[in-house]
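A.B. asks:
Protein chains: 2
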Amino acid sequence: MNDVTPIALSDDRILRVHAGHAAAPIVVEVTRGSMVESVHRVIAAVTDASGAPVVSWGDIDRLVYGRSAIKPIQALPVLESGAADAFDLGEDEVTLCCASHSGEAMHVDRVNAWLGRLGLSAEDLECGPQIPGHEPSAHAMLRAGETPTRAHNNCSGKHSGMLTTAVHLGEPTKGYIRDEHPVQKRLRATMQEMSGCDLSGVPTGYDGCGIPVYGVPLKGMATAMAQFADPSRLSPARAAAARRIVAACAKHPLLIAGTGRFNSAILSETGETCLLKSGAEGVFAGAVPGKGYGICLKADDGNGRAASTAMGAILRHLGVIDDAMAQRLTDKLVQPVHNWEGRLVGHIRPAPDLAF
Amino acid sequence: MNDVTPIALSDDRILRVHAGHAAAPIVVEVTRGSMVESVHRVIAAVTDASGAPVVSWGDIDRLVYGRSAIKPIQALPVLESGAADAFDLGEDEVTLCCASHSGEAMHVDRVNAWLGRLGLSAEDLECGPQIPGHEPSAHAMLRAGETPTRAHNNCSGKHSGMLTTAVHLGEPTKGYIRDEHPVQKRLRATMQEMSGCDLSGVPTGYDGCGIPVYGVPLKGMATAMAQFADPSRLSPARAAAARRIVAACAKHPLLIAGTGRFNSAILSETGETCLLKSGAEGVFAGAVPGKGYGICLKADDGNGRAASTAMGAILRHLGVIDDAMAQRLTDKLVQPVHNWEGRLVGHIRPAPDLAF
Chain A
44 MNDVTPIALS DDRILRVHAG HAAAPIVVEV TRGSMVESVH RVIAAVTDAS GAPVVSWGDI
104 DRLVYGRSAI KPIQALPVLE SGAADAFDLG EDEVTLCCAS HSGEAMHVDR VNAWLGRLGL
164 SAEDLECGPQ IPGHEPSAHA MLRAGETPTR AHNNCSGKHS GMLTTAVHLG EPTKGYIRDE
224 HPVQKRLRAT MQEMSGCDLS GVPTGYDGCG IPVYGVPLKG MATAMAQFAD PSRLSPARAA
284 AARRIVAACA KHPLLIAGTG RFNSAILSET GETCLLKSGA EGVFAGAVPG KGYGICLKAD
344 DGNGRAASTA MGAILRHLGV IDDAMAQRLT DKLVQPVHNW EGRLVGHIRP APDLAF
Chain B
44 MNDVTPIALS DDRILRVHAG HAAAPIVVEV TRGSMVESVH RVIAAVTDAS GAPVVSWGDI
104 DRLVYGRSAI KPIQALPVLE SGAADAFDLG EDEVTLCCAS HSGEAMHVDR VNAWLGRLGL
164 SAEDLECGPQ IPGHEPSAHA MLRAGETPTR AHNNCSGKHS GMLTTAVHLG EPTKGYIRDE
224 HPVQKRLRAT MQEMSGCDLS GVPTGYDGCG IPVYGVPLKG MATAMAQFAD PSRLSPARAA
284 AARRIVAACA KHPLLIAGTG RFNSAILSET GETCLLKSGA EGVFAGAVPG KGYGICLKAD
344 DGNGRAASTA MGAILRHLGV IDDAMAQRLT DKLVQPVHNW EGRLVGHIRP APDLAF
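Sequence order for the protein chains is A and B. So the first sequence is residues 44 to 399, counted in this note's numbering. So the second sequence is residues 44 to 399, counted in this note's numbering.
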C-alpha cells in the first residue's frame, strides 16, 4: 500500500498545452431531436513507423498523457524480458497486460490465477480497488455482499504484467509503481524508443492506477503505435513481442475491454488487421498492421464517447472497418442515445469537420 | 407506459448550432501533475430581468436545450395554477419539483407519499426507472435485491409536480409527457413568457425523462432565470410562485440534488441569495435575487464537471459566494481528482479564459 501523498502542483508549474493554439476541430456531434446538442473537439494523428504523418486533425505536436491507450507499449517489456515465457503466459494473459477490462469474471479470475502462479495475490497489486465497469458484474458483487478487490481494477492485468517482469528479473515487487522502480524506468525508456521522442523534462503526473504518466507529443504516440504495424525498425526481440501482442489481442478481443465495449466490438471484427486501445480522458490509440500505420487521438475534453466515435470514423476511413463490418458495428460507429424509457432520442456521430 | 418510438431525425433536418461560430472560450481546465490534461469550453450568460447582458462568455445567442436546469421554470405552473395549495404541497415538495435528485430515501419516500395524496403511484410517472445516483443508496438497493422504480428517477419530483397540476385542473394524467398534453403546452408557454423568446419553429427533441425539450437562446434562458431574481415584470400569481420557489429551494438544499452534490453544497451556503439548478449535457442555470441577475451556461461537450466548475467561478465573481463560503466550498470550486488508491493527482479548476 502506498502512502497517500498529494502531488498536485502550484499553478505556475503546470503546463497549459492548449494555450495559444487554434481550437481543435469539432470531430464528434451529439444530436438530440432536431439539434446538435453537444460537440467534442479532438486532435488525431495517423503516422507511419518513421513518424511521417499520413493524415491528421488539429495540433498533433500537443503533449498528451497516453493513459491506458499505451498499454500495448507497456506490455512490451513483459515479453521481451523473457518474463512472459518464464511464467508461461498465454495469449489471454498477454491481452490482459494491454487491457482496461470491465472486471468481469473472465478478467478477474484469470488475473487471480496468474498472480497465484507468481506466488503473489491481488494484495500485491498497487492499483487500488475498483468496482467492475461491467454493470451486471458490479450488481452481482453488491447483491452477494462482496467488495471489489484490486484484481477488479481495470488495470489489474497491466499491473500483473509489471509484477511478472519484476519477479522474473529479481526486482522488488513492493513499490513497483514508483518512478524510481526499474519497472517504471523501463516503461519510460520503451516509450521513448518507440515514439522517437526525447522525454527528458516533459510534464509528468500519476495515472488512476498509480503509475507515472508523462506528456508525449500526439504524433509521437502514433509513431510508437506504428511500430506494432511495421516492426521493421525494432530489435528482433521487440519485434517478436510486438507481433505477439497484436496476435494475442486479436484472439481475445473480449479480454482487452469487455462485454458490449467499443474496443472489444471493433477488435472482434477486425482481428489481426488492427490493434486498438482506449485510455482515460479521451485518449485512443491503434495500429494497422496491413498498412503500417499508427493512430493516436485525444478528445480535448477527455470524453470517452468522443474518442470512440472519432476512432471508429478514422478506422472506417482507413478501410480497416469495411462496409460489411460497418453494417454490423452500426451502434458502435454511430452510438444511439436513449432516454430512461428506452426511447431513441439522439445519436453520437462523426461531425462534418472530420472530413477526409 | 409510452410506446418506444425512435425520434432521431435524418441528417439534413438537424440544426448544427456550433457551426460557423468562433470557438467558445476555454473555461475549465483539468490538471494532472504538471500539465493541463483536458479542457472544457463553455458559453455563459449573465443577464438582468430585462434581458440586458451583465457579463458573458462566447456565443450567448446559441440555441441550447435547457434540460433539467430549467426545472424551476417548469415548477411555476404547479404553484400559479393553485395545484400546490390544493394538494397542500410543502416547501420540501416544491423543491422536489425543481430537483434532479440522487434517489436517496429523503427524495424517494417524499415522492411516493406525495403521489399517494394524489391518489396515484410511481406507476403513473412516465419518466422511466433509474438507479439512484447516490452510490450508497444504489448499493443498498442492490444488496436488498430490489430494482429501481420510476420514483427513483432523478426527475420524479418534477413529474409529480406535472401530475399534481394535471389532477388539479382535471386533465388526463396518462400521456402528460406528450407534446400535445396541456401540461407540456403550459411549460412551453411559460418558458416563452419568462425568456421573452419566440419559441415557434425552434429545434425540439426529448429529454432523458421523456418530456419535450426545445432550443432557447442561452441569453433567453438567463433572462428567464432572472425573473426569479427580479419578479417585478411577472403577474402577481407568477411573482408569488417565483418567490416561493426561491425560498423553498433555499430551505431544502439537499432535496434539489443530494448528499455531496455541488448544487446542494452551494445552496446550503448561499440560502435565499441564490437559486441554482444543474441540467444534463453540461447546462447550469441560476438566479441571484439580491442583484436581479439570471445565469445560464452550457459546456460545449456536455460535461457536468465543466458546468459546475464554471458556475462556481461565476458565483464567486458575482459575490454570491463570498470568501468565507469559498473557504468551506474549496473542494466544490476546485474539485480534486483522486486515483483509485485515494492519492490526489490533479484538479478541475477555472481556466484563465474565464477572466472577469
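Virtual Cβ for every residue (Gly too), placed ideally from N, Cα, C.
Taking DSSP as the reference, what is the three-state secondary structure of Ile113/B?
C.D. replies: Taking the second sequence and counting its residues from 1, the one referred to as residue 113/B is at position 70. Helix at Ile113/B.
A.B. asks: Fully enclosed by the segment 321-382 of chain A, which alpha helix (DSSP H) runs are 4 residues long or longer?
C.D. replies: 347-360, 366-371 and 373-376
A.B. asks: Return the CA-CA distance between Ala293/A and Thr373/A, expressed in angstroms with no decimal places.
C.D. replies: As a first step, residue 293/A must be located in the first sequence, where it is residue number 250. As a first step, residue 373/A must be located in the first sequence, where it is residue number 330. Taking the straight line joining both Cα atoms gives about 20 Å.
A.B. asks: Assign Thr138/A to one of three DSSP states: helix, strand, or coil.
C.D. replies: Taking the first residue of the first sequence as 1, we reach residue 138/A at position 95. Of the three classes helix, strand and coil, the one that applies to Thr138/A here is helix, per DSSP.
A.B. asks: Out of curiosity, what's the CA-to-CA distance linking Met44/A and Arg110/A?
C.D. replies: As a position in the first sequence, residue 44/A is number 1, starting the count at 1. As a position in the first sequence, residue 110/A is number 67, starting the count at 1. Any reading at Met44/A must be qualified, since the residue scores a pLDDT of 35, below 50, and its modelled position is unreliable; the value itself is stated next. Going from the Cα of Met44/A to the Cα of Arg110/A covers about 21 Å.
A.B. asks: Could you say which of Pro379/A, Ala394/A and Pro393/A lies nearest to Leu387/A if we only look at CA atoms?
C.D. replies: Position 344 of the first sequence holds residue 387/A. When only C-alpha atoms are compared, the closest one is Pro379/A.
A.B. asks: Does any residue of chain A have a CB that is nearer than 8 Å to the CB of Val47/B?
C.D. replies: By one-based count along the second sequence, residue 47/B stands at place 4. In this prediction, Val47/B has a pLDDT of 45, which is less than 50 and means its spatial position is unreliable; what the coordinates show is noted afterwards. Interface flag for Val47/B against chain A is set, since a Cβ pair is found closer than 8 Å.
A.B. asks: Out of Trp100/B, Ala67/B and Ser124/B, which one is the CA nearest neighbour of Pro279/B?
C.D. replies: For the purposes of this step, residue 279/B is taken as the residue at position 236 of the second sequence. Taking only the C-alpha atoms, the option nearest Pro279/B is Ser124/B.
A.B. asks: What distance in whole Å lies between the Cβ atoms of Ile309/B and Lys375/B, which are believed to be in contact at a cut-off of 8 Å?
C.D. replies: Taking the first residue of the second sequence as position 1, residue 375/B is located at position 332. Taking the first residue of the second sequence as position 1, residue 309/B is located at position 266. Correct: roughly 7 Å between the Cβ atoms.
A.B. asks: Output the boundary residues of the beta strand (DSSP E) element that contains Asp167/A.
C.D. replies: The residue labelled residue 167/A in the question sits at position 124 within the first sequence. Element bounds for Asp167/A: n/a, residue is neither H nor E.
A.B. asks: Which residue comes first and which comes last in the beta strand (DSSP E) that contains Ser238/B?
C.D. replies: Taking the first residue of the second sequence as 1, we reach residue 238/B at position 195. Not the beta strand (DSSP E): Ser238/B falls in the alpha helix (DSSP H), residues Pro225 to Ser238.
A.B. asks: If you reduce the DSSP assignment to three classes, tell me which class His211/A lands in.
C.D. replies: For the purposes of this step, residue 211/A is taken as residue 168 along the first sequence, with counting starting at 1. DSSP, read as helix, strand or coil, puts His211/A in helix.
A.B. asks: In or out: Asp344/B buried (at least 16 other Cβ within 10 Å) or exposed?
C.D. replies: On the second sequence, position 301 is the one that residue 344/B refers to. Result: buried.
A.B. asks: I'd like the list of long-range same chain contacts for Gly76/B, defined as Cβ closer than 8 Å, with 5 residues on each side in sequence excluded.
C.D. replies: Residue mapping note: residue 76/B aligns to position 33 of the second sequence, counting from 1. So the list reads Val388 and Gly389, once near-sequence residues are dropped.
A.B. asks: The segment 139-157 of chain B: which residues have C-beta closer than 8 Å to a C-beta of chain A, in chain order?
C.D. replies: none
A.B. asks: Is Val60/A close to chain B? Criterion is C-beta to C-beta, closer than 8 Å.
C.D. replies: Locating residue 60/A in the first sequence gives position 17, counting from the first residue. Judged by the 8 Å Cβ criterion, Val60/A is in contact with chain B.
A.B. asks: Please name the residues in the segment 67-95 of chain B whose beta-carbon is closer than 8 Å to at least one beta-carbon of chain A, in chain order.
C.D. replies: Ile69, Glu72, Val73, Thr74, Arg75, Gly76, Ser77, Met78, Val79, Glu80, Ser81, Val82, His83 and Arg84
A.B. asks: Could you have a look at Pro191/A and say whether DSSP puts it in helix, strand or coil?
C.D. replies: Locating residue 191/A in the first sequence gives position 148, where the first residue counts as 1. Note: Pro191/A maps to coil in three-state DSSP.
A.B. asks: Would the segment 96-109 of chain A and the segment 58-66 of chain A be scored as touching if the rule is three or more Cβ pairs under 8 Å?
C.D. replies: yes
A.B. asks: Which residues in the same chain have their Cβ closer than 6 Å to the Cβ of Ile391/A, if we skip the five residues on either side of it in sequence?
C.D. replies: Counting from one through the first sequence, the residue named residue 391/A turns up at place 348. Within its own chain, the residues whose Cβ lies closer than 6 Å to the Cβ of Ile391/A, once the five positions on either side in sequence are excluded, are Val73, Arg348, Thr352 and Gln378, listed in chain order.
A.B. asks: Can the beta-carbon of Ser199/A be found less than 8 Å from the beta-carbon of Cys170/A?
C.D. replies: On the first sequence, residue 199/A is found 156 positions in, with the first residue counted as 1. On the first sequence, residue 170/A is found 127 positions in, with the first residue counted as 1. Closer than 8 Å, so yes.
A.B. asks: In chain A, what lies closer than 8 Å to Asn382/B by C-beta?
C.D. replies: Position 339 of the second sequence holds residue 382/B. Per Cβ cutoff of 8 Å: Gly171, Tyr249, Asp250, Gly251, Cys252 and Gly253.
A.B. asks: Could you tell me whether the Cβ of Asn196/B comes closer than 8 Å to any Cβ of chain A?
C.D. replies: Translated into the one-based positions of the second sequence, residue 196/B becomes position 153. Yes, its Cβ sits closer than 8 Å to a Cβ of chain A.
A.B. asks: Run the CB neighbour count on Asp250/B, radius 10 Å, all protein chains shown included, and call it buried at 16 or more, exposed below.
C.D. replies: Here residue 250/B refers to the residue found at position 207 of the second sequence. The residue in question, Asp250/B, is buried, as its Cβ has 16 or more Cβ neighbours within 10 Å.
A.B. asks: Closest by CA to Gly133/A, which one among Ser145/A, Gly188/A, Gly314/A and Ala291/A?
C.D. replies: Here residue 133/A corresponds to residue number 90 of the first sequence, with the count starting at 1. The shortest Cα separation from Gly133/A among Ser145/A, Gly188/A, Gly314/A and Ala291/A belongs to Ala291/A.
A.B. asks: Residues of chain A with CB closer than 8 Å to the CB of Tyr108/B, please, in chain order.
C.D. replies: Taking the first residue of the second sequence as position 1, residue 108/B is located at position 65. Taking the beta carbon of Tyr108/B as reference, the chain A residues within 8 Å of it are Arg75, Met78 and Glu80, listed in sequence order.
A.B. asks: Is it true that the CB of Ala272/A sits closer than 8 Å to the CB of Leu92/A?
C.D. replies: Numbered from 1 along the first sequence, position 49 holds the residue referred to as residue 92/A. Numbered from 1 along the first sequence, position 229 holds the residue referred to as residue 272/A. What sits at residue 92/A in the sequence shown is Ala, not Leu. It is a contact, given that the beta carbons lie within the stated cut-off.
A.B. asks: Considering only the alpha carbon of each residue, which of Leu358/A, Arg231/A, Asn346/A and Gly322/A lies closest to Gly337/A?
C.D. replies: On the first sequence, residue 337/A is found 294 positions in, with the first residue counted as 1. That would be Leu358/A, whose Cα lies nearest to the Cα of Gly337/A.
A.B. asks: For Ile57/B, which residues in chain A fall below 7 Å Cβ to Cβ?
C.D. replies: Locating residue 57/B in the second sequence gives position 14, where the first residue counts as 1. Neighbours of Ile57/B on chain A, chain order: Thr74, Ser77, Met78 and Val79.
A.B. asks: Check whether the segment 112-126 of chain A and the segment 166-180 of chain A are in contact - that is, three or more C-beta pairs closer than 8 Å.
C.D. replies: no
A.B. asks: Can you give me the C-alpha to C-alpha distance between Arg221/B and Val151/A, rounded to a whole angstrom?
C.D. replies: Working through the second sequence from its first residue, we reach residue 221/B at position 178. Working through the first sequence from its first residue, we reach residue 151/A at position 108. Approximately 46 Å, taken between the alpha carbons.
A.B. asks: Excluding sequence positions up to five away, which residues of its chain have a Cβ less than 6 Å from the Cβ of Ala267/B?
C.D. replies: Here residue 267/B is taken as the residue at index 224 of the second sequence, counted from 1. These residues qualify, in order along the chain: Ile116, Met237 and Ser238.
A.B. asks: Does any residue of chain B bring its CB to less than 8 Å from the CB of Glu223/A?
C.D. replies: Numbered from 1 along the first sequence, position 180 holds the residue referred to as residue 223/A. It does not: the Cβ of Glu223/A has no partner Cβ on chain B nearer than 8 Å.
A.B. asks: Report the three-state DSSP secondary structure of Glu72/A (helix, strand or coil).
C.D. replies: As a first step, residue 72/A is located in the first sequence; it is residue number 29 there, counting from the start. In the structure shown, Glu72/A falls within a strand segment according to DSSP collapsed to helix, strand and coil.
A.B. asks: Less than 6 Å between C-beta atoms, sequence neighbours within five positions excluded: which residues of the same chain meet that for Gln235/B?
C.D. replies: Start at 1 with the first residue of the second sequence, and residue 235/B comes out as number 192. So the list reads Leu242, once near-sequence residues are dropped.
A.B. asks: Helix, strand or coil, according to DSSP, for Glu80/A in the structure here?
C.D. replies: Start at 1 with the first residue of the first sequence, and residue 80/A comes out as number 37. DSSP places Glu80/A within a strand segment (E or B) once states are collapsed to three.
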